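Written below as structure tokens is the structure these notes are about.
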Amino acid sequence: MDLSMELLGYTWNFEFFVAAFLFGLGLATLGSGLFTAYFGAGKSQQIGFGLIVMAIIVLGLQYHQTYIADPATFDAASFRYGLIAVIAAMVGMGAGMFVVLFILMKVDTVDDLEDLDLEDLEDLDLDEELKKLEEELAVADGDDDSDNGGDDAPAEDTEKEDKA
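In the numbering used here, the protein residues as written are 36 to 199.
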């Protein structure tokens, strides 16, 4: 079955398009299903398993219609070219994601936030929070020796209630 047509001065092979589309859909659904099933919890994990089943069905039907069905729906050559195109596209996407992640890891976001001078973001500085917590603990330990604060404080309150 030849689904080629002339459009805008180029011959478009829609059989190749459909084969590449279905294979890309199947692989993307399989990948997202595996990711969701592994990292998800509860209902999202069930959705991940559903995506895996859907991907297997799509890829299985495409393989069946290409190689097993008596009147083949898809041409085997179009299937192979679609497979090559999808794999090339996924390699390109992976390389692009690697470049983006590499650039994002190299950007110094703390300096960028200081340049913005937003007072609301001061609480996000974990070092300052840790220093405040250490100071509070040091003050609590220092007060523990002088006025029986800390763990002894509840016992002292019950003694005052007994005297009253």
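Built from N, CA and C at the ideal position, the CB exists for glycine as well.
Model, not experiment: these values are computed from the prediction.
To the nearest angstrom, report how far apart residue i and residue j are at their CA atoms.
i, j, result
"Leu156", "Leu165", "A caution first: Leu156 carries a pLDDT of 49, below 50, which makes its placement in the model unreliable, though a value can still be read off. Straight-line Cα distance between these residues: approximately 16 Å."
"Val126", "Ala175", "58 Å"
"Thr14", "Gln100", "In this structure the chain extends from 36 to 199, so residue 14 is not present and cannot be described."
"Gly61", "Ala76", "23 Å"
"Phe74", "Gly95", "25 Å"
"Ala12", "Asn48", "Residue 12 lies beyond the stretch modelled for the chain, which goes from 36 to 199, so this question has no answer here."
"Ala124", "Met132", "12 Å"
"Glu170", "Gly177", "10 Å"
Excluding the 5 residues preceding and the 5 following residue i in the sequence, name in chain order all residues of the same chain whose CB lies nearer than 7 Å to its CB.
i, result
"Leu118", "Phe58"
If you drop the 5 nearest sequence neighbours on each side, which residues of the same chain put their C-beta closer than 8 Å to that of residue i?
i, result
"Tyr45", "none"
"Ala112", "none"
"Gln97", "Ala54, Leu57, Phe58, Gly61, Phe109 and Phe114"
One question on the structure: do residue i and residue j come within less than 8 Å of each other, judged by their Cβ atoms?
i, j, result
"Ala90", "Gln80", "no"
Just confirm the distance between the C-beta atoms of residue i and residue j, as a whole number of angstroms; I'd bet it's less than 8 Å.
i, j, result
"Ala55", "Val121", "6 Å"
"Tyr102", "Phe51", "That belief does not hold up - the Cβ atoms of Tyr102 and Phe51 are roughly 16 Å apart, past 8 Å."
Less than 6 Å between C-beta atoms, sequence neighbours within five positions excluded: which residues of the same chain meet that for residue i?
i, result
"Val53", "none"
"Phe137", "none"
message: Contact between the segment 63-73 and the segment 86-95 is defined here as three or more beta-carbon pairs at a separation below 8 Å; is this criterion met?
response: At 8 Å Cβ cutoff, the stretches touch.
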